[in-house]
Every structure is written in structure tokens, then in C-alpha cells.
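Residue numbers (the numbering used here), protein chains in the order written: chain D, 2 to 115; chain L, 9 to 119.
In what follows, a single structure is set out as C-alpha cells and then discussed.
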Amino acid sequence: DGGITQSPKYLFRKEGQNVTLSCEQNLNHDAMYWYRQDPGQGLRLIYYSQIVNDFQKGDIAEGYSVSREKKESFPLTVTSAQKNPTAFYLCASREDRLANEKLFFGSGTQLSVL
Amino acid sequence: QQQVKQSPQSLIVQKGGISIINCAYENTAFDYFPWYQQFPGKGPALLIAIRPDVSEKKEGRFTISFNKSAKQFSLHIMDSQPGDSATYFCAASIYTDKLIFGTGTRLQVFP
Chain D
2 DGGITQSPKY
12 LFRKEGQNVT
22 LSCEQNLNHD
32 AMYWYRQDPG
42 QGLRLIYYSQ
52 IVNDFQKGDI
62 AEGYSVSREK
72 KESFPLTVTS
82 AQKNPTAFYL
92 CASREDRLAN
102 EKLFFGSGTQ
112 LSVL
Chain L
9 QQQVKQSPQS
19 LIVQKGGISI
29 INCAYENTAF
39 DYFPWYQQFP
49 GKGPALLIAI
59 RPDVSEKKEG
69 RFTISFNKSA
79 KQFSLHIMDS
89 QPGDSATYFC
99 AASIYTDKLI
109 FGTGTRLQVF
119 P
């Protein structure tokens with residue numbers, strides 16, 4: 002079955018530690034996105050990539066980094082500079098970067114600070 | 009101008025009732041208005057979407073009403089069921105650009 006796989010489902014970060022969230026898709030989609038979800042704040046865009054080896058900052062990119070070396074993979078690193086990382090992180094993809102098409106979401110990663 | 013304002017934050021409806029969630033926007037350049045449904049611990053999934061050239065779109069029990077002059081759109085869930093209990097997000101975007109999401113509405117349908 003085609004879809005988006007996020008791992009791990011739960012992740013704990015210690016103070017000063019960088020952690021990486023995995024996102025893999027086998028839908029052959031061009032565009033991929035990372036969102037952060039906090040209660041009562043909806044979905045806020047962290048980073049997005051419309052093509053391999055290219056990505057753009059979203060609305061809340063500070064303290065995060067990404068890479069897009071392969072079409073199917075878009076990992077997100079939460080760095081120690083992100084002082085409030087506890088949130089539900091969602092990865093999404095879209096088939097056509099040049100059109101309004103539906104986003105396909107993964108099942109998310111819940112990140113908590115120890 | 010890039011915001012999408014969603015209300016109410018939470019909604020409690022009895023089984024069989026009508027659930028109504030509202031969204032408002034400022035940017036008249038938005039040309040795509042989807043609604044996403046999210047169950048606890050899962051990612052959102054597209055429920056229904058509308059473009060501004062129509063005033064209403066219906067898919068089963070779900071209807072989007074769109075008022076271009078008022079810059080508002082709403083989701084109506086007819087004959088609401090306990091299985092509809094979820095968080096609903098409206099969103100808007102300009103062609104090829106990123107989606108702007110509302111803050112979400114938590115719907116609870118009681119039997």
C-alpha cells in the first residue's frame with residue numbers, strides 16, 4: 002500500500018540534544034511538508050520541499066533543519082535551539098507541486114522533552 | 009491577511025443533529041478551500057474541498073457552503089454520528105502555494 006511512514010511514533014528528547022524524525026513516502030510525490038501541531042493552534046508549517054535538493058522555510062522554521070536528498074525521504078531534525086519542542090509532528094506529501102492537490106499525511110510523531 | 013479564522017473551538021452535537029463549523033479569511037487571492045478530518049493520534053485526511061467558482065459542494069452527509077462576498081466558508085455535517093467525532097480543520101491556499109490551516113474544531117457527537 003502506498004503511503005507516508007513516520008517514525009518513531011513517540012520520541013523523547015533530553016535537554017541540549019538534537020533528534021531526527023523520519024518521514025518516508027512511496028507515493029512518488031514531488032512535494033513534502035513538515036507541520037507542527039499544538040493544542041488549539043492548528044497546523045503550523047515548519048519546512049517544505051517541492052523538489053529534491055531544495056527546501057524552503059515555513060512559518061516556524063527556527064530551531065529546525067531538514068534535508069531532501071532523495072525524493073521519498075524528508076527527515077526533520079529538532080535542534081537544541083528549539084526551546085519548546087514538545088508537540089505532535091506531522092509529515093505530508095502532495096503529488097503535484099504546481100497545483101492545488103490534496104495533502105497526504107503520515108500518522109505523526111509525538112515529541113516530548115524529558 | 010494570511011490567516012484563516014475557525015470557530016467554534018469545540019462543538020458538542022447529539023446523534024442525528026447537524027454540526028456546523030465556520031471559517032473566515034481575508035486574502036481574496038485564495039482559490040482553494042479544503043476541510044481535513046483528524047482522529048486522535050492520526051494524521052489529518054482530506055474530507056471535502058471547494059473552489060470559489062461554486063457556492064456549495066456536497067459529498068454524502070458533508071457539505072461545504074461558500075460565501076465569496078463575505079469571505080466565509082462552512083462545513084455542515086448532516087445526521088451527525090458518533091463516528092464523526094474528530095477534529096476538523098479548514099484551510100485555504102493560493103494556486104501552487106502552501107496551505108494555511110485554521111486552528112481546528114473538536115467535534116463530539118453523543119448518542
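Glycine is no exception: its CB is placed at the ideal position from the N, C-alpha and C atoms.
From a predicted model like this one, the values you see are computed outputs, not experimental measurements.
Item, Value
"At the level of alpha carbons, what is the spacing between P76(D) and S77(L)?", "41 Å"
"Checking 8 Å against the spacing of the C-beta atoms, do T111(L) and G43(D) come in under that value?", "yes"
"Can you tell me where the beta strand (DSSP E) holding R45(D) begins and where it ends?", "44 to 52"
"Specify whether the stretch 39 to 54 of chain D and the stretch 6 to 15 of chain D touch according to this definition: at least 3 beta carbon pairs, one from each stretch, less than 8 Å apart.", "no"
"Considering only residues of the same chain and omitting the five flanking positions on each side of L54(L), which have a CB-CB separation below 7 Å?", "P42, Y44"
"Give me the subset of the stretch 37 to 58 of chain L whose CB atoms are less than 9 Å from a CB atom of chain D, sorted by chain position.", "D39, Y40, P42, Y44, Q46, G49, K50, G51, P52, A53, L54, A57"
"Identify, in the order they occur along the chain, each residue of the same chain with its Cβ nearer than 6 Å to the Cβ of S74(D), setting aside the five sequence neighbours on each side.", "E25"
"So who's on the other strand from Q111(D), going by DSSP bridges?", "Y11(D), F89(D)"
"Look up P42(L) in the DSSP assignment and say whether it is helix, strand or coil.", "strand"
"Run the CB neighbour count on L115(D), radius 10 Å, all protein chains shown included, and call it buried at 16 or more, exposed below.", "exposed"
"In this structure, does DSSP put D92(L) in helix, strand or coil?", "helix"
"Do three or more CB pairs link the stretch 19 to 31 of chain L to the stretch 29 to 38 of chain D at distances below 8 Å?", "no"
"Under 7 Å Cβ-Cβ, which residues of chain D neighbour G68(L)?", "Those within 7 Å of G68(L) in chain D number zero; the least Cβ separation is about 17 Å."
"Using a Cβ cut-off of 9 Å, pull out every chain D residue sitting near T113(L), in sequence order please.", "Those within 9 Å of T113(L) in chain D number zero; the least Cβ separation is about 10 Å."
"Using only alpha-carbon positions, find the residue among T87(D), E16(D), Y49(D) that is nearest to K106(L).", "Y49(D)"
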